[in-house]
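Following: one structure in structure tokens, then a few remarks.
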Amino acid sequence: KTKHTASTRAESIQADHFALTHPDRIFWPDIGLTKLGLAEFYAEISDWILPHIVNRPLSLLRCPNGIEGERFFQKHAWAGMDDAIQRHEMNGEELISIRDIDGLIALVQAGALEIHPWGSTLDKLEQPDRITFDLDPDEGLDWQDVVAAAFEVKDRLAALKLESFVKTSGGKGLHVAVPITPKRQWDEVKSFTKGFVERMAKDSPERYTASIAKRSRAGRIFVDYLRNGRGATAVAAYSTRARAGAPVSTPVAWDELRHGVRPSQFTAENFVRRIGVRMNNPWDGFDDVSSLRWKGENVRSE
Ligand code: ATP
Ligand code: MN
Ligand code: MN
581 KTKHTASTRA
591 ESIQADHFAL
601 THPDRIFWPD
611 IGLTKLGLAE
621 FYAEISDWIL
631 PHIVNRPLSL
641 LRCPNGIEGE
651 RFFQKHAWAG
661 MDDAIQRHEM
671 NGEELISIRD
681 IDGLIALVQA
691 GALEIHPWGS
701 TLDKLEQPDR
711 ITFDLDPDEG
721 LDWQDVVAAA
731 FEVKDRLAAL
741 KLESFVKTSG
751 GKGLHVAVPI
761 TPKRQWDEVK
771 SFTKGFVERM
781 AKDSPERYTA
791 SIAKRSRAGR
801 IFVDYLRNGR
811 GATAVAAYST
821 RARAGAPVST
831 PVAWDELRHG
841 VRPSQFTAEN
851 FVRRIGVRMN
861 NPWDGFDDVS
871 SLRWKGENVR
881 SE
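Mapped onto full-length UniProt numbering, the consecutive letters of the sequence shown carry residue numbers 581 to 882.
This is the structure in structure tokens:
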């Protein structure tokens with residue numbers, strides 16, 4: 581179980597091991613966080629983030645001049661891309677991925693301030709191995725409503741014998757993630773999640789909606805299942821967000837959530853302290869719940 585323990589590789593990054601150009605470039609002016617600072621953060625937590633991003637197609641939010649400069653989503657290789665980032669030609673489309681910390685640092689070098697992986701791996705591109713329910717609250721809703729929604733998703737999944745894990749988005753909401761056996765096609769998985777959310781909305785129409793339309797979201801939580809389509813992404817666990825304060829999409833224990841975690845409380849700046857306080861990864865076991873993994877048998881019963 582060594583792969584989930586915190587490591588301290590920040591020192592090796594100071595040495596010339598990782599070649600960063602412009603290490604002092606400021607990515608988050610509001611807190612003065614630099615390119616080197618971001619690389620140090622990722623080096624520190626590499627054992628935690630890498631299992632969620634390696635060998636998966638990636639979509640990057642690149643902000644070469646920091647959060648206040650130009651930004652663009654990048655899904656394909658680019659001219660001058662570092663060798664530590666792989667380019668693939670698969671099923672008629674071009675994809676990019678990384679396989680290790682060198683790849684991760686190359687993403688930092690490229691100004692990728694957010695890392696968004698697919699819910700499937702390159703080995704089984706067409707069969708997702710994780711589901712994400714993305715809870716998007718309408719403005720004005722209480723945080724407690726979002727927390728309650730996450731617990732409701734968890735309980736409904738548990739009734740299907742599925743174990744789920746929760747993280748802050750680093751934005752306004754929460755993401756509930758479910759490891760599944762990579763066996764069903766994207767279409768089947770998406771329709772399972774659609775049915776799941778439609779049932780939730782039917783049972784509590786005053787609280788939830790399965791529709792992305794603005795009007796139906798008024799005063800409700802949009803339980804966004806659209807992250808589960810082929811080519812869709814959700815921000816990676818432990819990725820930073822390109823917004824003020826450098827919030828991190830942070831896995832939390834369900835108990836922690838119950839006791840008052842806030843969405844923007846975890847940042848690249850204060851994260852190392854969190855590792856010190858709680859050495860264990862709240863998502864330990866994410867890859868070990870195969871006995872409970874959804875294999876598709878519940879599709880039709882939903
Ligand atoms: P919040 O909690 O504020 O909703 P979020 O990351 O869940 O944060 P959403 O707008 O709900 O933000 O989007 C969910 C996911 O959809 C993102 O994490 C991202 O992976 C993907 N996404 C959103 N917009 C784009 C885009 N323009 N291009 C590519 N992917 C996107
Ligand atoms: Mn969201
Ligand atoms: Mn969403």
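Quick reminder that beta carbons are idealized off the backbone N, C-alpha and C, glycines included.
At least one heavy atom of ligand 3 is found less than 7 Å from the C-beta of Asp-716. DSSP, read as helix, strand or coil, puts Val-815 in coil. Fewer than three beta-carbon pairs drawn from the region 783-801 and the region 740-748 are found closer than 8 Å, and the two stretches are therefore not classed as touching.
The C-beta separation of Ile-629 from Ala-816 comes to about 7 Å, placing the pair in contact by the 8 Å criterion. By the Cβ neighbour-count rule, Arg-821 is buried, with 16 or more other Cβ atoms within 10 Å of its own.
Judged by DSSP secondary structure, Ile-633 falls within the alpha helix (DSSP H) whose first and last residues are 626-633. Going by DSSP, Lys-747 is part of the beta strand (DSSP E) stretching over 745-748. A straight-line Cα-Cα distance of about 7 Å links Gln-845 and Pro-827. It is roughly 22 Å from the alpha-carbon of Val-727 to the alpha-carbon of Asn-860. Under the three-state reduction of DSSP, Met-661 is assigned to coil, being neither helix nor strand. Taking 8 Å as the cut-off, the beta carbon of Ile-665 is found closer than this to the beta carbon of Ile-676. In the three-state reduction of the DSSP assignment, Glu-836 falls in the helix class. Arg-810 carries a coil assignment under DSSP once its states are collapsed to helix, strand and coil. With 16 or more neighbouring CB atoms inside 10 Å of its own CB, Phe-802 falls in the buried class. By the criterion of a C-beta distance shorter than 7 Å, Trp-608 is surrounded in its chain by Gly-646, Ile-647 and Ala-826, once the five residues flanking it on both sides are discounted. Considered as a whole, the region 751-827 harbours 766-783 and 794-797 as its complete alpha helix (DSSP H) runs of no fewer than 4 residues, in chain order. For Asp-804, the shortest separation between its Cβ and any heavy atom of ligand 2 lies below 7 Å. Closer than 7 Å to some heavy atom of ligand 1: that does not describe the Cβ of Lys-794.
Scanning its chain for C-beta atoms nearer than 6 Å, with the 5 sequence neighbours on each side dropped, one finds around Ile-625 the residues Tyr-818, in chain order. Straight-line measurement puts the Cα of Ala-729 at about 14 Å from the Cα of Arg-797.
For Leu-702, there is no enclosing alpha helix (DSSP H), as DSSP marks it with neither H nor E.
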